[in-house]
Amino acid sequence: MSIFALFITGLLSVSQAQTACNDPVACNYTPPTTQCIRVEAVTTHTGMVGANDLTGMTTYRVFAVLQNTDDVLSAIIGDAQYPTFFNSSTSFFQHSAGSATPNGLNPAFYGAFPSLAFDSWITIGLEQSPVAGEGNVNILEDSTEPWVNTFESGNNLNISGPVGGGWYAFAGDSNSISGADNEVLVGQFTTSGTLSGQIYMQIFINGDSQNEVRTLVNLDNSCGLGGVQDCVYAPENYDCDGVCTLDTNANGVCDLDEMGCTITFACNYDATALIDDGTCEFISCISFGCTDLTACNYDPAADYDNGTCSFANFPYNCDGTCINDNDGDGICDEFEIFGCTDATACNYSSGATDDNGTCTYDCLGCTDPSACNFNSSSSQDDGSCEFTSCATVGCTDSAACNYNPDANYDDASCEYTSCLGCTDSNACNYDAAALIDDGSCDLLSCAGCTDATACNYDSTATIDDGSCDLTSCLGCTDPAACNYIATATIDDGSCDFCSCGGSSTGGLSFTTTHPQYGLEIETVATHSSGTLAGMTTYRLYLNMELANDAATSFTGNDIFPLSLNTTTSFYQEPIFGGVTPSNSSGAALSILPNLLYDSWITIGIDGPASAGESNVSLLPGTWGFDFESGNSFTVNDGIGSGWYILPPSASNGVADPDMRILFAQLTTDGLISGSFKVQIFPNGDSTNDNRADFTFSMGETSTGNACGCTSPIACNFDPNAAYDDGSCDFVSCLVFGCTDATACNYDNTADYDDGSCTYPSPPYDCIGDCINDADGDGICDELEIPGCTDSGACNFASGATDDDGSCDYVTCAGCTSPLACNFQPAATIDDGSCDFVSCLVFGCTDATACNYDNTADYDDGSCTYPTPPYDCIGECINDADGDGICDEL
């Protein structure tokens, strides 16, 4: 049995749910009849709280509901028999500054750390650091059953081990008493999940530790008490029996029955009221208005001026009429403007209100600018304009064929036909004499390509219509080239004379049913030693037409055979070699270097397939055994065979940047030949394939163009080559080295200096010996350092290489012992003069002696001591009665 189970005397059952009011201040408050748990959702979070995102979380508080207001919740414990736990379907929020209890919580920190207020913890009545009368929440935890750190990490709180644990409050701590609401807080939990759990409580009924109850309560079987919605409350200022609780003057009359306004000058003064209820008002019985007699809205009944007075704007009366208007024209005299009011006068003033007799009429004349007698100084037209004396008659329409720019009067002679035609200079039928475009312009009959360099140049075209084609006729126009295009009319410099079997010696010649594809042979290595001596390693490539062309299989049958032949035999590495290069990994190559030259067939890879690639698969047949035995092979039966990869995912089947696909590596000392059918997907389109037949051979002299190195200064100059294939080598036959005869590594066979010359570093020669060493000590004369070389001398120079006779043995001589009276720190040579006595003080060194000398270095045996019972000066050490006679005597 656990240490906590020893306290258990019985298990109380939890009462069934009941409906009642749980507010002690309500008239129908029903105290709980047994112990239970109440869970309250305190806060539902919707976003950031300080630095923590609590979105979707809810903070709950769990209360133990006790029967009596003075009941004490002493402890909450748990073990294997009566587990205590709080679980969340997700996890609990734990603040980094919080802990398992609120013992150290200070609300003053909530301003800086708002989310600390929603930390998860367990308690007995506390929600912050204890105040007077309260006590800390204490933890029970066995080292073999830790639960606190687990809970503090956000995990479930679970106390269910054989030893057990829990938390408790000491007797007398006020935070453990249920109080008026019969509740004790036992925990706060913040989580986004579903909260569940149970607690095993120790309760002292009415605070009596001799009358305890222990009960196991589950959150799912909580109190079931009604909330405030079930409560009935007394009206304000009345108790539940309907008795008024408000009688401030203690006269036995409810204040509510004798309240009113007691201020006599208030509008609502109540002479019967004994208690002023603050309802006095002083406005409703007062009249406000304008009290200024001169104002337009003067109110003789107003008691107080409310600032609403309005006044007439001078020079008007309150009714808007003029105060002064001598001529009665409705315009106040103050606003009258004098001037000429005759609209026909030269000096007519539109703003004048009173005519002052100043009108003048000397500005009359012809005001029409088109008239012959137009007068620019006239402001009033007097009807005198005439238009004939200065007129030029003709066609005034600028759009007419006979337009007269000098005419100022149109005589209706304009005509619009004699100058019609095409006025667009870009048109095929442009008429330079036409003045009016008649819409007849033809922009098509003479349109075409006017660029003489274009494939579709039209010498008859005079208007370029943008149709020039500068690409379709480009290509190689030399019939001798491998890529000759018979339809090409413009040579684009792309002619290739060597890719179709071009080497003048030892090259590869081939025939194919699809001339857009070709073959290429590449020499990988020429072997001169070891087991491969005399052999050459070749790689065979399929040249593609388009960048994304893909080859997927090499096959043969009785219609067109598949074969790989050599006039001797193929080298096959005997241990890891194979028909394909799948075994040619880095590890194997490091052990078997010759594996690098193994003979194999492939599609695009020279080792194991990597990401995105596919290893090569073999179709059934015996040809692989023949090939691996070093023999030539031919597949020409009705079933056929070959090798393949699966399209379209294998990237190794696509042409490389050089537009090639590797399909074989062959090591032999013979000449190679063969044939095959290859399946090609143009531009990677697996719905459209070309199946090209190839036959090839390697001979002493090829039948194609004579290709090779055409530079006479190259190491591999080929006098038989007609076309240069870019293979010129200018280096392999040259000797590079140091050509400076003064250098240490001068090479008299070098043709070109490669910058490798090294030179001696003076004062040394090329082999590191001194150029000058008169005394033969191995130290160059230029590096010799003169000085005293005797380490026993005062002036010994550790860096000196030649002794110059300057050694001094006197200036540094003296006493070198730090213990001596005449020690000389600067002395490096001891001359035997050390004195160890003259500076010493001899005397009594015993501090208990009568003649103790604290300056003495050495004890000289002179110490004297008192003779008891007397001290050093002959007086009693002990003399209680002070009679001069020692107590001992």
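Under the numbering used here, the first residue of the sequence shown is numbered 991, with each subsequent residue one higher. By construction, the Cβ of each residue, glycine as well, lies at the ideal position given by its N, Cα and C atoms.
Requested in this report: Could you check how far apart the C-beta atoms of leucine 1552 and phenylalanine 1666 are, in whole angstroms? I think they sit under 8 Å.
Outcome: 5 Å
Query raised in the report: Short check: CB of aspartate 1881 to CB of cysteine 1728, under 8 Å?
Result: Since the first residue of the chain shown is 991 and the last is 1879, residue 1881 is not available in this structure.
**Report entry** Best match in Ala1523, Gly1632 and Leu1206 for proximity to glutamine 1025 [C-alpha to C-alpha]
**Finding:** Leu1206
Report task. Over the uninterrupted alpha helix (DSSP H) stretch that includes serine 1580, give me the two end residues. Result -> 1576-1581
Query raised in the report: With burial defined as no fewer than 16 other Cβ atoms inside 10 Å of the residue's Cβ, what is the status of asparagine 1533: buried or exposed?
Result: buried
**Report entry** For tryptophan 1157, the residue or residues it bridges with in DSSP
**Finding:** Within the DSSP bridge table, the entry for tryptophan 1157 names Ile1066 and Ile1129 as partners.
Query raised in the report: Which class does aspartate 1616 belong to by DSSP, given the choice of helix, strand or coil?
Result: helix
Requested in this report: Ignoring anything shorter than 3 residues or poking outside the segment 1347-1412, list the beta strand (DSSP E) runs there in chain order.
Outcome: none
Query raised in the report: In chain order, which beta strand (DSSP E) runs of at least 3 residues are fully inside the segment 1624-1701?
Result: If you keep only unbroken beta strand (DSSP E) runs of at least 3 residues inside the segment 1624-1701, you get 1631-1634, 1650-1658, 1662-1671 and 1680-1688.
Query raised in the report: Buried or exposed: which applies to glycine 1217, given that a residue is buried once 16 or more other Cβ atoms fall within 10 Å of its Cβ?
Result: Because glycine 1217 sits at a pLDDT of 46, beneath the cut-off of 50, its placement in the model cannot be relied upon, and the point is left open.
Query raised in the report: What residues in its chain sit with their C-beta under 8 Å from that of glutamine 1219, if we drop five residues either side in the sequence?
Result: Confidence at glutamine 1219 is low in this model, with a pLDDT of 49, below 50, so the placement of that residue should be treated as unreliable; the coordinate-derived value is given next. For glutamine 1219, where only same-chain residues beyond five positions count, there are no Cβ hits under 8 Å.
**Report entry** C-beta contact flag for glycine 1279 and aspartate 1289 at 8 Å
**Finding:** yes
Query raised in the report: serine 1339 and glycine 1329: beta carbons closer than 8 Å?
Result: yes
Query raised in the report: Using DSSP with H/G/I as helix, E/B as strand and the rest coil, what is leucine 1552?
Result: strand
Report task. Whole angstroms is fine: what's the gap from aspartate 1861's alpha carbon to threonine 1801's? Result -> 58 Å
Query raised in the report: From Ala1704, Ser1374 and Gly1594, pick the residue whose C-alpha is nearest to that of glutamine 1655; which is it?
Result: Gly1594
Query - Rounded Cβ spacing between phenylalanine 1108 and valine 1039 (contact assumed at less than 8 Å) - result: 7 Å
Requested in this report: Please classify arginine 1204: is it buried, with 16 or more other beta-carbons within 10 angstroms of its beta-carbon, or exposed?
Outcome: buried
Query - Sub-8 Å separation of alanine 1451 and cysteine 1439 beta-carbons - result: yes
Query raised in the report: Can you check whether the CB of threonine 1542 is closer than 8 Å to the CB of isoleucine 1635?
Result: yes
Query - Ranges of the alpha helix (DSSP H) found wholly within the segment 1036-1108, counting only runs of at least 4 - result: Segments of the alpha helix (DSSP H) lying fully in the segment 1036-1108: there are none.
Query raised in the report: From Cys1017, Gly1602 and Ser1619, pick the residue whose C-alpha is nearest to that of valine 1644; which is it?
Result: Gly1602
**Report entry** Spatial neighbours of valine 1032 in its chain, beta-carbon cut-off 6 Å, leaving aside the 5 residues before and after
**Finding:** Thr1049 and Arg1051
Query raised in the report: Of the residues Gly1777, Ser1408 and Phe1325, which one's Cα is nearest the Cα of cysteine 1391?
Result: Ser1408
Requested in this report: Give the secondary structure of aspartate 1843 by DSSP, where H, G and I count as helix, E and B as strand, and everything else as coil.
Outcome: coil
Report task. Kindly list the residues whose CB is nearer than 7 Å to the CB of serine 1274, restricted to its own chain and excluding five residues on each side of it in sequence; keep chain order. Result -> Closer than 7 Å at Cβ, skipping near neighbours: Cys1257.
Query - For serine 1166, three-class secondary structure by DSSP - result: helix
Query raised in the report: Taking C-beta to C-beta, are aspartate 1245 and threonine 1254 nearer than 8 Å?
Result: No. Outside cutoff.
Requested in this report: Could you tell me the boundaries of the alpha helix (DSSP H) in which threonine 1140 lies?
Outcome: 1138-1142
Report task. Go ahead and label tyrosine 1072 buried or exposed: buried means 16 or more other beta carbons lie within 10 angstroms of its beta carbon, across all protein chains shown. Result -> Tyrosine 1072 is buried by the Cβ-count criterion.
Query raised in the report: Once you ignore the five residues that flank alanine 1304 on each side, which residues in its own chain have a CB closer than 6 Å to its CB?
Result: Residue identity check: residue 1304 is phenylalanine in the sequence provided, not alanine. Take phenylalanine 1304, set aside five residues on each side of it, and no residue of its chain has a beta-carbon closer than 6 Å to its own.
Query - Cβ-Cβ distance between aspartate 1060 and isoleucine 1167 below 8 Å - result: Isoleucine 1167 sits close to aspartate 1060, with the two beta carbons spaced by under 8 Å.
Requested in this report: Give me the Cα-Cα distance between cysteine 1270 and aspartate 1229, rounded to the nearest whole angstrom.
Outcome: 29 Å
Report task. Measure the C-alpha to C-alpha separation of glycine 1864 and valine 1827 and round it to an integer number of angstroms. Result -> 36 Å
Query raised in the report: Quick one: what does DSSP say glycine 1197 is sitting in, helix, strand or coil?
Result: helix
Query raised in the report: Secondary structure at aspartate 1793, three-state DSSP: helix, strand or coil?
Result: strand
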